[in-house]
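One rule links them: number in the numbering used here = place in the sequence shown (from 1) + 86.
All residues carry an ideal CB built from backbone N, CA and C; glycine is no exception.
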Amino acid sequence: MAPAVLTGAVCESVIVERGFFMGREWKSDGRGGTITEGVDQAAVKRPPDMLKKAIPDGTVVLTFDDALRHHYTKVAPALEERGFGGTFYVSELYFPVYGADDYADGVKKGVYMTWEEIADLERRGFEIGNHSLRHANLPGMTQAEMKREIDGIAERCAAYRIPRPQTFAYPGLAYTADSVAYLRAQGYTFARTGLAEAYDPLMQHPLKVMGTDVSPDYEGFVEQVERAREGKIVVLLYHDVPDAGAFAKTMDYLKKRGFQALSMKRLEDYIDPEKAAAYFEGRPSEAVEEGD
Numbered sequence: 087m088a089p090a091v092l093t094g095a096v097c098e099s100v101i102v103e104r105g106f107f108m109g110r111e112w113k114s115d116g117r118g119g120t121i122t123e124g125v126d127q128a129a130v131k132r133p134p135d136m137l138k139k140a141i142p143d144g145t146v147v148l149t150f151d152d153a154l155r156h157h158y159t160k161v162a163p164a165l166e167e168r169g170f171g172g173t174f175y176v177s178e179l180y181f182p183v184y185g186a187d188d189y190a191d192g193v194k195k196g197v198y199m200t201w202e203e204i205a206d207l208e209r210r211g212f213e214i215g216n217h218s219l220r221h222a223n224l225p226g227m228t229q230a231e232m233k234r235e236i237d238g239i240a241e242r243c244a245a246y247r248i249p250r251p252q253t254f255a256y257p258g259l260a261y262t263a264d265s266v267a268y269l270r271a272q273g274y275t276f277a278r279t280g281l282a283e284a285y286d287p288l289m290q291h292p293l294k295v296m297g298t299d300v301s302p303d304y305e306g307f308v309e310q311v312e313r314a315r316e317g318k319i320v321v322l323l324y325h326d327v328p329d330a331g332a333f334a335k336t337m338d339y340l341k342k343r344g345f346q347a348l349s350m351k352r353l354e355d356y357i358d359p360e361k362a363a364a365y366f367e368g369r370p371s372e373a374v375e376e377g378d
């Protein structure tokens, strides 16, 4: 069961939810209690307690796709300097892009990170996420092919003593019901797709988190991250980061304005992915049924 219309707002550090389902209105104070004004109590079904705590304004997630080597040499040091987290979504790309024929050719040319460098990022505190083995779009694959794409990166991580990935980024932003179900069965907590201005955890399945392509200009970047308000999180999606100075300027903006920049797995600080997934899938669970 999911409401047709749903909004969230932060009010005195409490998430206030209000929505309409089957033509009837409900409200919640985010702590399991309901706000009674204007609500038909006989029609209210308590919304799920998928939020662990209020999401602070200024919460952004930094994600970097495709294992580009300058993510290792330029991006990671800039994040460390400012105390920021981030998720590096890695893949062994099999097609020509970024001036390389494929992943092996890109490693030789210094376009892609080696697995030793990827492992070093993890040791330094960054999240290594799964972007599929070959960066092949999942729709149209057989079940066996899809499993090879998802499991392949987990196996590479194990070989380099990197923890099994907990989050996933869909290649080409494309997913299927089967891929979502398989990720869930394998214990993935969040997965990024796109594109939207912000991720609203009260509206989006945790394995269908909407990311935002980063604006190429500073003013556009500022406009994007300032949408991280009223319970919404801006999940920034980076590929090539050609200008280290421009990147540093945007990171300075986040730092000076008091934003918190997190990895994808840190979404679990605020969102219970199991309860959220059960709710959006309409499955009976304590998260939905408690307090009826």
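Among the options, nearest to residue i - alpha-carbon criterion
i	options	result
Q252	A240, L340, L259, E283	A240
P302	E167, E367, K335	K335
L281	G273, A271, A260	A260
V300	E316, V327, D191	V327
L224	Q290, R313, L269, C243	L269
M232	A267, A244, L165, M199	A267
Rounded Cβ spacing between residue i and residue j (contact assumed at less than 8 Å)
i	j	result
T295	V311	One point to set straight first is that residue 295 is Val, not Thr, in the sequence displayed. The Cβ separation is near 16 Å, so there is no contact.
A205	K195	Their Cβ separation, rounded to whole angstroms, is 21 Å, which puts A205 and K195 out of contact at 8 Å.
T149	L340	Wrong, their Cβ atoms sit about 14 Å apart, outside the cutoff.
G211	A255	With 8 Å as the limit, G211 and A255 do not qualify as a contact, their Cβ atoms being about 19 Å apart.
V197	F333	The Cβ separation is near 18 Å, so there is no contact.
A277	V146	Between V146 and A277 the Cβ distance is about 18 Å, and since that is not below 8 Å, they are no contact.
Y158	L207	6 Å
A222	P257	6 Å
M199	R155	5 Å
Local Cβ density within 10 Å of residue i, reported as buried at 16 or more and exposed below that
i	result
G172	buried
A363	buried
I304	It should be pointed out that residue 304 corresponds to Tyr in this sequence rather than to Ile. So Y304 ends up on the exposed side.
R209	exposed
E123	Low confidence applies to E123: its pLDDT is 42, below 50, so where it sits in the model is not reliable enough to give any reading.
R242	buried
G273	exposed
E178	buried
Cβ shell of residue i (< 6 Å), same chain only, five flanking positions each side left out
i	result
S349	G171, G172, T173, E213
L165	G172
Cβ-based neighbour list, residue i, same chain, cut-off 8 Å, excluding 5 preceding and 5 following
i	result
M227	E235
M136	P287, L288, I357, D358, K361, A362, Y365, A373
Y246	W201, E202, I204, A205
- [ ] Ignoring anything shorter than 4 residues or poking outside the region 296–362, list the alpha helix (DSSP H) runs there in chain order.
- [x] Within the region 296–362, the runs of alpha helix (DSSP H) at least 4 residues long that lie entirely inside it are, in chain order, 304–311, 330–342.
TODO: Could you name each continuous beta strand (DSSP E) segment of 3 residues or more that falls completely within the region 128–179, going from the start of the chain to the end?
DONE: 145–151, 173–176
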